[in-house]
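See below for the structure under consideration.
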């Protein structure tokens with residue numbers, strides 16, 4: 182098992198790298214050239230800038246049972262198809278039970294924006310979201326390592 186981080190705008194990189202090291206799991210941060218990561222405790226892969234370039238690079242590397250940290254519902258859906266375990270930055274584990282509703286929400290929001298509508302502003306990240314994410318990731322790592 183490995184942990185892959187969709188590094189484009191990920192607010193939980195430090196938490197993820199710390200937990201990966203605590204549990205002895207390889208952690209790979211994938212980003213494009215517009216982001217800079219310097220980590221001695223995680224492997225950083227930088228891909229050329231382009232629409233979905235990070236997503237495609239990550240999908241080519243991820244395997245069944247790997248954990249993927251992403252806020253991208255489309256990427257999460259493709260990771261589910263590869264039998265990996267995608268987690269949102271707020272601690273929600275994407276699943277076959279919730280991904281279709283999330284993708285539909287994304288589609289509807291895009292349609293509203295295209296029609297000139299406005300959506301609610303994204304709220305500032307709350308520390309409880311970091312706690313929820315850490316709890317979820319810690320639990321997944323502990324249960325995965327018990328079963329191997």
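Numbering (the numbering used here), first residue to last: 182 to 329. Note that the Cβ used here is the ideal one computed from N, Cα and C, for glycine as well. Predicted model, so just to flag it, every value in this text is computed and none were measured.
Asked, Found
"Separation of residue 194 from residue 188, as counted between CA atoms", "8 Å"
"Beta-carbon separation (whole angstroms), residue 321 vs residue 250, contact threshold 8 Å", "Their Cβ separation, rounded to whole angstroms, is 11 Å, which puts residue 321 and residue 250 out of contact at 8 Å."
"Distance between beta carbons of residue 257 and residue 280, contact taken as under 8 Å", "6 Å"
"Cα-Cα separation between residue 224 and residue 304, rounded to whole angstroms", "31 Å"
"C-beta atoms of residue 228 and residue 235 nearer than 8 Å", "yes"
"For residue 213, the residue or residues it bridges with in DSSP", "228"
"Short Cβ contact (8 Å threshold) for residue 212 with residue 184", "no"
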